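Protein chains in written order, with the numbering used here: chain V, 1 to 267; chain F, 268 to 584.
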Amino acid sequence: MSNETTPNIEPAADLAIKAECRNFGFHYGDFQALQNINMPVYDKQVTALIGPSGCGKSTLLRSFNRMHDLYPGNRYQGEIIMHPDNTNLLAKEVDPIEVRMRISMVFQKPNPFPKSVFENVAYSLRVRGMTNKTELEDRVQHSLKAAALWDEVKHRLNDLGANLSGGQQQRLCIARALAADPEIILFDEPTSALDPIATASIEELITELKEKVTILIVTHNMQQAARISDFTAYMYIGELVEFGVTDQVFVKPQKKQTEDYITGRFG
Amino acid sequence: MNATVTAPPVPTPPTANVSDRLRRRASRHIKERVIEALLFGAALVSVFTTAAIVYILVKESWIFFEAVPLSRFLFDTQWTPLFDDAHYGIMVLLSGTITSSAVALLVAIPLGTIIAIYLSEFAPFKVREIAKPFLELLGDVPTIVYGYFALVFLTPLLQKIYPDLPGFNLLSAGLVMGVMIIPYVASLSEDAMRAVPMALREGSYAMGATRLQTALRVVMPAAASGIGAAYILGISRAVGETMIVAVAAGMQPSLNFNPAEPGATITSYIVQVALGDLPHGSIGYQTIFAAGLTLMLMTLLFNLLGLWLRKRYREVY
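What follows is the structure in structure tokens.
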């Protein structure tokens, strides 16, 4: 059935593909959570994954950086190809740690480490073995600026990350994800724990970040998907129902089911 | 719009009439009170016991300190309360306690921490479920068994490596004590580390960290207060441990910190005197209360330190 879910228009001809799912499927133990996912992720674009709770959008997102490897009994099927390497990220020979060094992630609930603001951002550099103090300082400052947090925290770099406000914590987590220059950043409902003002600043930030990095975002908030994404994938019970340019998906969805969800008749 | 707002009707004052169905029933009320008093009494037992112990220790120590000035107790370098030329230098017993505890903690803290890291962060579910009860069993072995294990097994073994080692020594007592304390340190540290939310670990892994980096740089700092509390408990156990040192360390008071010597600890001295035939009320007998008070102050100090640690490094996830 998923063979029908080709992009509903082809404006993307001039866009490079950063990653793509090919017949991708996923099992939690015996439970088939995802099947037959075929979907491109375009380079330096924002792709939103939407769908009702339990549809598998977070599961799909977490497959890109092999987070499922952390728990026993999980199985991937098919392929997630990353370019320009043209390598299947799920292959046995691929080291998940190397994958995570290039595909970073921001979580639903801000999860700063029990460390200072500075060390939170420096963490992803330190685990890569960077020890040069000046270089670390430069990169941390650069990341905090890119995450639009520098002006608020430049005088409290030694404060605990947990002492920042919720929105600041989430931007700290974005700075942390940015520090090691990832190629893709995965956002798992990054604003669902934040107030509207903090949400607006994160959305603005995501829009700015796509200049440099490919973004894949799971969201429950339809308006958010419409506002910030270039492409939208609608999922339902483990399958990809529709994928296309966001404006098309929202204005003229091809599937009745997508339309029902988007217009709030269902889901 | 002239507001002729009338005040809401004032509720009629309650009448003295209470319907029988709603009336407070004396039988039920008294029963509740009795149960409450019983529960309170049960809770009071532990408070009363603690207070009584402190009272006896202080009162009996007072008698001791009336005969022996505090400065001699603290600064004398000999402990010979049973000799004609009596000296009461608690430092002598303290040196035995500190030495045996130090040996024990040098075993228990590193090993306990490593075991905790392994069980919490590395071990597959099944290994953990089997290994942890076995580990905790180690803490359930009676300490007298550990004491004889040190005396008749470990000491002869150590003597093969180091022939000059006396038959009674603080080293094997301390080593075996360390093994006894491992489960306390490991089990509590592991509980603290497992209580760290998965979200923090995922954050670390998502940054490309390895298991070891995640365990050492994220999980351990996040669990610092719990791990600190585990260490403090380990120290308290080591300082208060009695049977192992009484059996294996020789009960010979001497002021030195060499584990390869026999020695007496505060606890083993108390055992020695309490079981001996010293007349009650003599100064020699009163020494055990002064020694007991010292021990209690030490563990109190460690508990306060643990409390402070917990506040200082409160979990911040």
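The beta-carbon is built from N, C-alpha and C at its ideal position, and this holds for glycine as well.
For clarity, every value in this text was computed on a predicted model and none was experimentally measured.
Minimum Cβ-Cβ distance from residue i to chain V less than 8 Å
i	result
F/ALA466	yes
F/GLU469	yes
F/GLY475	yes
F/ALA497	no
F/TYR385	no
F/VAL485	yes
Chain F within 8 Å of residue i, Cβ atoms only
i	result
V/ARG75	no
V/ASN36	no
V/ASN158	no
V/PHE107	yes
V/THR59	no
V/ILE97	yes
V/MET39	no
V/GLU259	no
V/PRO104	Note that residue 104 of chain V is Ser in the sequence shown, not Pro. At least one chain F Cβ lies under 8 Å of V/SER104.
V/ILE9	In this predicted model, V/ILE9 has a pLDDT of only 49, less than 50, meaning its place in the structure is not dependable; the value taken from the coordinates is given anyway. No - not a single Cβ of chain F is within 8 Å of the one on V/ILE9.
Extent of the continuous alpha helix (DSSP H) to which residue i belongs
i	result
F/ALA383	357 to 384
V/THR232	Not the alpha helix (DSSP H): V/THR232 falls in the beta strand (DSSP E), residues 231 to 236.
F/MET474	No alpha helix (DSSP H) holds F/MET474; DSSP gives it neither H nor E.
F/LEU564	550 to 579
V/SER165	First-last for V/SER165: undefined, no H or E at that position.
V/ALA148	Taken as a continuous stretch (DSSP letters only), V/ALA148 belongs to no alpha helix (DSSP H), as it is neither H nor E.
V/GLU204	196 to 209
F/ALA334	293 to 334
F/PHE392	392 to 405
V/PRO89	Here residue 89 of chain V is Leu; the residue named in the question, Pro, does not match the sequence. Where V/LEU89 is concerned, there is no enclosing alpha helix (DSSP H), given that its DSSP letter is neither H nor E.
Proximal residues of chain V, C-beta to C-beta of residue i below 8 Å
i	result
F/PHE392	PRO72
F/PRO488	PHE113, PRO114 and LYS115
F/GLN480	VAL127
Under 8 Å between C-beta atoms of residue i and residue j
i	j	result
F/PHE245	F/GLN519	It is not possible to answer for residue 245 of chain F, since the shown part of chain F is limited to 268 through 584.
V/ALA180	V/MET67	no
F/SER367	F/VAL512	yes
V/ASP175	V/ALA147	According to the sequence provided, residue 175 of chain V is Ala. The question's Asp does not apply to it. Contact: yes.
V/GLN46	V/ILE185	Residue identity differs from the one stated: residue 46 of chain V is Val in this sequence, not Gln. In this structure, V/ILE185 does not lie closer than 8 Å to V/VAL46 by Cβ.
V/CYS173	V/PHE107	yes
F/GLY501	F/ALA318	no
F/THR509	F/THR534	yes
F/ALA515	F/SER439	yes
F/VAL486	F/ARG468	yes
V/SER124	F/MET474	yes
V/MET82	V/LEU90	no
F/LYS399	F/LEU386	yes
F/TYR451	F/GLY406	yes
F/LEU572	F/ILE499	yes
V/ILE50	V/THR232	yes
V/SER116	V/GLY161	yes
V/VAL241	V/THR219	no
V/GLY29	V/GLY73	yes
N-terminal and C-terminal residue of the beta strand (DSSP E) that residue i is part of
i	result
V/ASN74	74 to 82
V/ASN281	As shown, chain V starts at 1 and ends at 267. That puts residue 281 of chain V outside it, with no answer to give.
V/SER28	For the record, residue 28 of chain V in the displayed sequence is Tyr; it is not Ser. V/TYR28 -> beta strand (DSSP E) spans 17 to 28.
F/MET518	Careful: F/MET518 lies outside any beta strand (DSSP E) and carries neither H nor E.
V/THR59	Premise fails: V/THR59 lies in the alpha helix (DSSP H), 57 to 64, not in any beta strand (DSSP E).
V/VAL245	239 to 245
V/THR47	46 to 50
Listed by chain order, chain F residues near residue i by CB distance under 7 Å
i	result
V/SER63	In chain order: nothing, as chain F lies at least about 13 Å away.
V/ARG176	MET474
Listed by chain order, chain F residues near residue i by CB distance under 8 Å
i	result
V/ALA180	MET474 and GLY475
V/MET67	GLU469, TYR472 and ALA473
Interface partners of residue i on chain V, CB under 9 Å
i	result
F/VAL335	Here the premise fails: no neighbours, minimum Cβ distance about 49 Å.
Residue i: contacting residues in chain F (beta-carbon distance under 9 Å)
i	result
V/ARG171	Those within 9 Å of V/ARG171 in chain F number zero; the least Cβ separation is about 14 Å.
V/ARG100	TYR472, ALA473, MET474, GLY475 and ALA476
Query raised in the report: In chain order, what residues of the segment 122 to 133 of chain V put their CB closer than 8 Å to some CB of chain F?
Result: Within the segment 122 to 133 of chain V, the qualifying residues are TYR123, SER124, ARG126, VAL127 and ARG128.
Query raised in the report: Using a Cβ cut-off of 7 Å, which residues of the segment 205 to 223 of chain V contact any Cβ in chain F, in chain order?
Result: Per Cβ criterion, the list is empty.
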